[in-house]
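A short write-up of the structure that comes next.
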Amino acid sequence: MTDVSSLIEGRTGKWEVVIGLEVHAQVSSQAKLFSGASAAFGAGPNEHVSLVDAAMPGMLPVINQFCVEQAVKTGLGLNAEINLFSIFDRKNYFYADLPQGYQISQFKQPIVGEGSITITLADGSTRDIGIERLHLEQDAGKSMHDQHPGKSYIDLNRSGVALMEIVSRPDMRSAEEAAAYVSKLRAILRFLGTCDGNMEQGSLRADCNVSVRRPGDELGTRTETKNLNSIRFIAQAINSEVARQIEIIEDGGTIDQETRLFDTSTGQTRTMRSKEDAHDYRYFPDPDLLPLELDAAWVETLRQSLPELPDALRTRLMDEFGLSAYDAGLISEDRDTAAWYEAAAAGRDAKLVANWMTVELFGALNRMGLDLADSPVSPDQLGKLVERIGDGTISGRIAKDVFAIMLEDGADPDQVIEEKGFKQVSDTGAIEAMIDTVLAENTDKVDEYRGGKDKLFGFFVGQVMKASKGQANPNVVNDLLRSKLNS
Amino acid sequence: MSDKTPDYNPDHNSDHNVIDKTTIHKIAKLARIEIAPEREDALCGELSTIISWVEQLGECDTAHVEPLASVTGHSLPMRDDVVTSGDDPDAVLSNAPEGASHFFVVPKVVE
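Protein chains in written order, with the working numbering: chain Z, 11 to 497; chain W, 571 to 681.
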């Protein structure tokens, strides 16, 4: 089915974009997939390397059980089929940062089969994107080509680190959908705790397969843009690749099936290698590793112990707290954000807390360049502030002033209200006195109002609020003012 | 079955070669080895003989046999997620022809 809204208008008519993604997610393990060296980021060169990772003769791989468990959990989180029998294969190619001369991967029989992810787009609509498979494989080392004019420098710290390669179906039709897919996948991985999702450190990177076709036609020739390490780059690379392909075809050319690189400085893709040089990997089962057989009961135990995932959390926030789909989406993006919200909202006006959190707090943190974890205002403090609005102690407008002070010094809202004298005046006697003064000072306007100029009502409210330094309860002011003016 | 085994014959008639020169060049390229032109015919013959010999396996009826990756019947042994090695770049680099500041140094490779 063609979704007309995502079609691209070319010079010669409309084009449909077809996108499939291969995401490499680093397993959040302590040690590597087949060796006991650390998988942590940021060590000095070759410090996290065992003799297995350096492919010294006679070294044998032994699989890390935790990595297997994380792959299964991720598969369950993607509503995917778990294959109780899977095989590790050798993917053969020569490169300086691949000391074995092959990558241990899974080819014909991966650990996880078909699943799906539901993505939510900006307009609130949802789409299901198919997952073709997830398999476990080794990462390669890192080559540096800029250290020496004639030499490359090799660091094997990443060599052998466990990756989950998650392959989607070619189900996405726009850069927006691809970005939403990666965001959702990252959220699921983070909720599961199977990958930290840190794209800057390379824990999550994507290869984008992009092609274009006339709506309803057969699939066009695709290109693969490798190693994109931010959601923004993924969207940019897709858009630039789509524009390039449409231009070539409209000029009468054809697309070469090739591997491309995204240049972050120009925002364009360029050829990395063409089909003629395409690798012939000669996959075959790794004779050093026996087939991986899983116990169905163990898989079931993992299924039972899965944490709440983003979709379930979002639905619960809407059902339990009455949040809008938009607010629930924002708050369920991250498990810590949701936990923060739930702590703040417990026993309080949950919708108002959500509003304060997503508008005032997120806005302020954004300006201050802080993460929620470093927020000067605690969940309970924000909750209390909302409570004080609810019980009439302060107005919503005064609450913003209180909040500004809380942000500065992390003070408790009750303390700020007390010390700064922000307490809202609901005492009808005091408000009546202020109203009388305002009316006495503006007799001309009172006459105009009584003569039919209704709009002046807002002027009187403003004057009374000003006289009270914003502390008068607006509802009380409205009621009293109306009865006095209309009497 | 031994009476059916073709003799290993390096001078095997190249008319029956299943491995041609194109394949020889492709394999050589994948294996990053150089083949002298005068060795090409001989290699075609040798590799073709080996392939023909292995092809005897095709005589077995495997129509009802599941492909398998292992014949031992053992299951894969596993390891706990504990860091037990590393932190010794000198040992890792001890056999390297060239190194600098704990990096391996190799002739420039840029794709």
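Ideal Cβ positions, reconstructed from N, Cα and C, are used throughout, including at glycine.
Here the structure is a predicted model, which is why all the values come from computation and not from measurement.
Of the candidates Glu260/Z, Asn89/Z, Met282/Z, the residue whose Cα lies closest to the Cα of Gln267/Z is Met282/Z.
Annotation: the continuous alpha helix (DSSP H) that includes Phe413/Z extends over 406 to 419. Contact between the segment 368 to 387 of chain Z and the segment 451 to 458 of chain Z is absent: fewer than 3 CB-CB pairs across the two stretches fall below 8 Å. Annotated as distal: Pro317/Z and Ser640/W, with beta-carbon spacing of 9 Å or more. If you look at Thr235/Z, you'll find it in the beta strand (DSSP E) that goes 233 to 238.
Using a Cβ-Cβ cut-off of 9 Å, Ala639/W counts as an interface residue toward chain Z, since at least one Cβ of chain Z sits closer than that to its own. Taking 9 Å as the cut-off, the Cβ atoms of Ala335/Z and Ile341/Z do not count as close.
Looking at the DSSP output, Asp611/W sits in no beta bridge, so it has no partner there. Each of Glu330/Z, Asp344/Z, Lys118/Z was checked against the Cα of Ala355/Z, and the nearest Cα belongs to Glu330/Z. In the DSSP assignment, the residues bridged to Asn102/Z are Tyr112/Z. With respect to the C-alpha of Asp359/Z, the residue from Asn167/Z, Ser60/Z, Ser16/Z, Leu333/Z having the closest C-alpha is Leu333/Z. By alpha-carbon distance to Ser671/W, the top candidate from Gly134/Z, Met154/Z, Asp133/Z is Met154/Z. Per DSSP, reduced to three states, the secondary structure at Gly373/Z is helical. For Gly439/Z, the enclosing alpha helix (DSSP H) starts and ends at 438 to 451. Contact between the segment 660 to 669 of chain W and the segment 84 to 103 of chain Z is absent, with fewer than three C-beta pairs closer than 8 Å. Sequence-ordered contacts of the segment 51 to 64 of chain Z with chain W read Ala53, Gly54, Pro55, Asn56, Glu57, His58, Val59, Ser60, Leu61, Val62, Asp63, Ala64 [C-beta pairs closer than 9 Å]. At a cut-off of 9 Å between beta carbons, Val635/W makes no contact with chain Z. Taking one beta carbon from each stretch, the segment 73 to 81 of chain Z and the segment 640 to 655 of chain W have 3 or more pairs nearer than 8 Å; the two touch. Bounds of the alpha helix (DSSP H) holding Thr347/Z are 345 to 355. Of the other Cβ atoms in all chains shown, fewer than 16 fall within 10 Å of the Cβ of Glu451/Z; this residue is therefore exposed. Per DSSP, reduced to three states, the secondary structure at Pro295/Z is strand. Classified as buried, Phe272/Z has 16 or more neighbouring CB atoms from the shown chains inside 10 Å of its CB. Its chain contains Leu417, Gly420 as the residues whose beta carbon lies nearer than 6 Å to that of Pro386/Z, once the 5 sequence neighbours on both sides are disregarded; these appear in chain order.
An exposed status is given to Arg609/W, since fewer than 16 other beta-carbon atoms sit within 10 Å of its beta-carbon. Between Ser39/Z and Gln80/Z, the C-beta gap is smaller than 9 Å, which places the two residues in contact.
With respect to the 9 Å criterion, Ala49/Z and Val171/Z are classified as neighbours on the basis of their beta carbons. Taking a C-beta distance under 9 Å as the contact criterion, Thr84/Z and Val59/Z do not qualify as a contact pair. DSSP places Cys77/Z inside the alpha helix (DSSP H), whose first and last residues are 75 to 87.
Under a 10 Å Cβ-count criterion, Phe104/Z is classified as exposed, with fewer than 16 other Cβ atoms of the shown protein chains found around its own Cβ. The distance from the Cβ of Leu144/Z to that of Glu187/Z is about 20 Å, inconsistent with a contact at the 8 Å cut-off. Three or more beta-carbon pairs drawn from the segment 435 to 446 of chain Z and the segment 480 to 488 of chain Z are found closer than 8 Å, and the two stretches are therefore classed as touching.
Taking C-alpha positions only, Thr269/Z is separated from Arg242/Z by approximately 20 Å.
Rounded to whole angstroms, the separation of the alpha carbons of Thr231/Z and Ile29/Z is 12 Å. Measuring C-alpha to C-alpha distances from Ala185/Z to each of Asn496/Z, Ser240/Z, Gly212/Z, Gly263/Z identifies Ser240/Z as the nearest.
The beta carbon of Leu108/Z sits closer than 8 Å to those of Ala150, Gly151, Ser169, all from its chain and outside the five residues before and after it, given in chain order. The C-beta of Ala364/Z comes no closer than 9 Å to any C-beta of chain W.
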